[in-house]
Structures are given as C-alpha cells and as structure tokens.
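> In this note's numbering, the protein residues as written are 43 to 219.
Put into structure tokens, the structure is as follows:
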C-alpha cells in the first residue's frame with residue numbers, strides 16, 4: 043500500500059503513530075523499538091560471523107590435538123621399528139629414504155582418517171535427508187580441501203618422528219631390542 047515511499051520516511055511515520063498510541067509527549071523518550079529487515083539481517087550477519095569464528099577456533103584445536111596424536115603414534119612406530127630402521131640403513135638406505143618412509147606413513151594415516159571422516163559425514167547427511175526430509179548438499183571443493191588439510195596435518199606433525207628415525211645410528215639401531 044505504501045509503494046514508492048522512502049524507508050526513512052516510512053520509519054518516521056511508524057514512529058509517530060507508535061508515540062501517539064503509547065501516549066508519549068515530545069520530551070519523553072521512546073518506549074519501543076522499530077526494527078527493519080535490514081537491522082535483523084545485520085544482527086544475523088553478526089551472529090553468523092561469531093559462529094564461524096567459534097567453529098574455526100574449535101576446529102583448529104581439534105586439528106592440533108589430532109596432529110599431536112599422529113605425532114605420538116608415529117613416535118611409537120619409530121621406537122617399535124628401530125631395529126628395522128637399522129637394517130634398512132645397514133643395507134644402504136639413506137636418511138632421505140627413512141624420512142620419506144615415515145612421512146608417507148603419517149600422510150597415509152591422516153589421509154585415510156580424513157576420508158573416513160568424510161564418509162561418516164556423507165552418511166550423516168544422507169541420514170538427515172531421509173529422516174528430516176531436508177536436502178543436504180556436499181560441497182565437492184571443500185571435501186577435497188578437507189582431505190588435503192588432513193594429509194597436510196600428517197606431514198607437518200610427522201616431521202619430528204620421521205627426522206628422529208632418519209637420524210638413528212645404524213649400529214645403535216641394530217643393537218636395540
């Protein structure tokens with residue numbers, strides 16, 4: 043009914059009507075608020091940004107914990123395979139060979155973990171589609187990024203155990219039991 047009326051003018055008219063209905067005099071402050079869709083959208087954007095920031099912080103902590111777990115597993119693996127490392131070095135394996143072996147193992151471990159997580163997420167999305175009758179889309183690009191990040195975590199946190207394995211003295215490693 044009020045097409046062509048500027049928003050500011052419409053707000054001014056609504057405020058005037060509300061002041062009359064509330065019986066407010068000119069020197070009294072408003073005892074009501076007029077909220078436009080723009081204001082609601084602005085609040086929604088602020089809430090969305092805060093939620094995104096919270097999710098980034100939580101996922102960063104989870105990645106750190108997962109990375110430390112990978113490092114611990116790889117350290118145990120290096121310790122358990124010290125003799126094998128000694129044999130490989132005695133047979134001519136270089137530090138680079140040993141380093142690469144453990145980095146590939148760490149990347150494989152985290153890559154498989156990432157793929158398993160994606161499969162669980164896809165299954166839960168499918169379940170939500172069936173049970174709640176809602177459509178869940180899978181962003182292919184973000185899925186690929188998730189696998190890359192997962193492998194990257196394995197590489198970053200696998201460096202320390204891999205370097206430790208590569209630096210083992212072959213003679214000491216062969217004596218290890």
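Glycine included, C-beta positions come from ideal geometry on N, C-alpha and C. Because the structure is a prediction, the values reported are computed rather than measured.
#1: Is it true that the CB of residue 191 sits closer than 8 Å to the CB of residue 148?
#2: Give a yes or no on contact between the segment 202-211 and the segment 137-156, applying the rule of three or more CB pairs nearer than 8 Å.
#3: Does the pairing of the segment 189-204 with the segment 114-128 give three or more beta-carbon distances under 8 Å?
#4: Which first and last residues belong to the alpha helix (DSSP H) in which residue 139 is found?
#5: Terminal residues of the continuous alpha helix (DSSP H) containing residue 114?
#6: Using only the alpha-carbon positions, how far apart do residue 221 and residue 55 sit?
#7: Hey, quick one: how far does the alpha helix (DSSP H) through residue 185 stretch, first residue to last?
#8: Could you say if the segment 180-198 and the segment 153-162 meet the contact criterion of at least three C-beta pairs nearer than 8 Å?
#9: Using the C-alpha atoms, what's the distance from residue 71 back to residue 110?
#10: Buried or exposed: where does residue 199 fall if 16 or more other Cβ atoms within 10 Å of its Cβ makes it buried?
#11: Just to confirm before moving on: does the CB-CB distance between residue 195 and residue 152 stay below 8 Å?
#12: Could you compute how far the alpha carbon of residue 90 sits from the alpha carbon of residue 165?
#13: Excluding five sequence neighbours on each side, which residues of the same chain lie with their C-beta closer than 8 Å to the C-beta of residue 65?
#14: Rounding to the nearest angstrom, what Cα-Cα distance links residue 133 and residue 125 in this structure?
#15: So, with DSSP's three-state summary, where would you put residue 212?
#16: Residues in the same chain with beta-carbon distance under 6 Å from residue 131, minus the five sequence neighbours each way, listed in chain order, please.
#17: Spatial neighbours of residue 180 within its chain, please: CB distance less than 7 Å, with the 5 preceding and 5 following residues excluded, ordered by chain position.
#18: For residue 216, collect the residues of the same chain with a Cβ closer than 6 Å to its Cβ; drop the 5 residues on either side in sequence, then sort them by chain order.
Reading it off the structure:
#1: no
#2: yes
#3: yes
#4: 137-174
#5: 79-122
#6: In the structure as shown, the chain starts at 43 and stops at 219, and residue 221 therefore has no counterpart that could be examined.
#7: 182-208
#8: yes
#9: 58 Å
#10: buried
#11: yes
#12: 26 Å
#13: none
#14: 12 Å
#15: helix
#16: 212
#17: 164 and 167
#18: 128
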